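S.K.:
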Amino acid sequence: MSAGHVLVVDDEPQLLRALRINLRARGFDVTTASNGAGALEAAAKVSPDVIVLDLGLPDMDGFTVLHGLRGWSTVPVIVLSARTDAADKVTALDAGADDYVTKPFGMEELLARLRAAIRRGASAAPAPSPVVDAGSIQVDLAGTRVLRDGEQVRLTPTEWGILELLVRADGNLVSQREILGAVWGPTYVNQTNYLRVYLAGLRRKLEDDPSNPRHLITEAGMGYRFLR
Numbered sequence: 619m620s621a622g623h624v625l626v627v628d629d630e631p632q633l634l635r636a637l638r639i640n641l642r643a644r645g646f647d648v649t650t651a652s653n654g655a656g657a658l659e660a661a662a663k664v665s666p667d668v669i670v671l672d673l674g675l676p677d678m679d680g681f682t683v684l685h686g687l688r689g690w691s692t693v694p695v696i697v698l699s700a701r702t703d704a705a706d707k708v709t710a711l712d713a714g715a716d717d718y719v720t721k722p723f724g725m726e727e728l729l730a731r732l733r734a735a736i737r738r739g740a741s742a743a744p745a746p747s748p749v750v751d752a753g754s755i756q757v758d759l760a761g762t763r764v765l766r767d768g769e770q771v772r773l774t775p776t777e778w779g780i781l782e783l784l785v786r787a788d789g790n791l792v793s794q795r796e797i798l799g800a801v802w803g804p805t806y807v808n809q810t811n812y813l814r815v816y817l818a819g820l821r822r823k824l825e826d827d828p829s830n831p832r833h834l835i836t837e838a839g840m841g842y843r844f845l846r
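Okay, here's the thing in structure tokens:
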């Protein structure tokens, strides 16, 4: 019997490998992700019992991942970070983290915290289904599809990547650089013209009045947000 399913999110390959080996040896099922976009996708697909999350990710800040998760999930999150400043700990806990472990850490301590988090999660109310309802639009995060007025809307993989990132941010602003880095990669973070083209396409597919959008909102010079 599995001790629980753990999603480990960290951009250090050696640490990911070490945690995967150690946790599996102790009976846990383990899924890993090396960036924020992968973490959000994996969280929706595998429904882990607990998430171990590093704050320093290459594509987006761990706080952004936390905000995205808390838009639809109550899964326990243990922040695992080299940041020891008290302000970072407070910010993480306020953003929805359940625990905070600083690097370097002892494996037995982490295991104890994992077991405690899984127990707390099991006693909590079940998490809502990751389907975001925005009037005539329903975004099924687990099924990776969008419905408009009950009909499925065909999106390209890039369009879906942008929409998913914005929806998971739960109304919070997502910067242009964060979207470009997550969807296209770190070498494209300055190609803001890409976003204008793809957001226009998404609005044509999803908005009743693309020139006056209700859901896909531009914050000039800053980024975008999705409003329900």
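According to the working numbering, the sequence shown holds residues 619 to 846 in order. Note that beta-carbon positions come from the ideal geometry of N, C-alpha and C, so glycine has one too. All values derive from a computational prediction rather than experimental measurement.
(1) From what residue to what residue does the alpha helix (DSSP H) around Ala651 run?
(2) Please classify Ser829 as buried or exposed, where buried requires at least 16 neighbouring CB atoms within 10 angstroms.
(3) Using only the alpha-carbon positions, how far apart do Leu671 and Leu759 sit?
(4) Where does His685 fall in DSSP's three states?
(5) First and last residue of the alpha helix (DSSP H) that includes Val801?
(6) With H, G and I counted as helix, E and B as strand and the rest as coil, what does DSSP make of Met693?
(7) With burial defined as no fewer than 16 other Cβ atoms inside 10 Å of the residue's Cβ, what is the status of Thr774: buried or exposed?
(8) Around the Cβ of Pro666, are there at least 16 other Cβ atoms within 10 angstroms (buried) or fewer (exposed)?
(9) Between which two residues does the beta strand (DSSP E) containing Asp751 stretch?
(10) Measuring straight from C-alpha to C-alpha, what distance separates Ala745 and Gly739?
(11) Starting from Tyr842 and walking both ways along the alpha helix (DSSP H), at which residues does that stretch end?
(12) Excluding the 5 residues preceding and the 5 following Leu673 in the sequence, name in chain order all residues of the same chain whose CB lies nearer than 8 Å to its CB.
M.R.: With the structure as the only source:
(1) No alpha helix (DSSP H) contains Ala651, which is instead part of the beta strand (DSSP E) from Phe646 to Ala651.
(2) Per the 10 Å Cβ criterion, exposed.
(3) Cα-Cα distance, rounded: 20 Å.
(4) Note: His685 maps to helix in three-state DSSP.
(5) Gln794 to Val801 is the span of the alpha helix (DSSP H), which, as asked, contains Val801.
(6) Checking the sequence shown, residue 693 turns out to be Val, not Met. Assigned with DSSP and collapsed to three states, Val693 falls in coil, not helix or strand.
(7) Its Cβ having fewer than 16 others within 10 Å, Thr774 is exposed.
(8) Counting Cβ neighbours within 10 Å, Pro666 comes out buried, since at least 16 surround it.
(9) Following the DSSP letters along the chain, one finds Asp751 inside the beta strand (DSSP E) bounded by residues Val749 to Ala752.
(10) Per-residue confidence for Ala745 stands at a pLDDT of 49, beneath the threshold of 50, marking its modelled position as unreliable; the derived number appears in the next sentence. Computed Cα separation, rounded: 9 Å.
(11) No alpha helix (DSSP H) holds Tyr842; the beta strand (DSSP E) holding it covers Gly841 to Phe844.
(12) The residues Asp679, Gly680, Phe681, Val697, Ser699, Arg701, Asp706 and Ala710, in chain order, have a CB closer than 8 Å to that of Leu673 in the same chain once the five nearest residues on each side in sequence are set aside.
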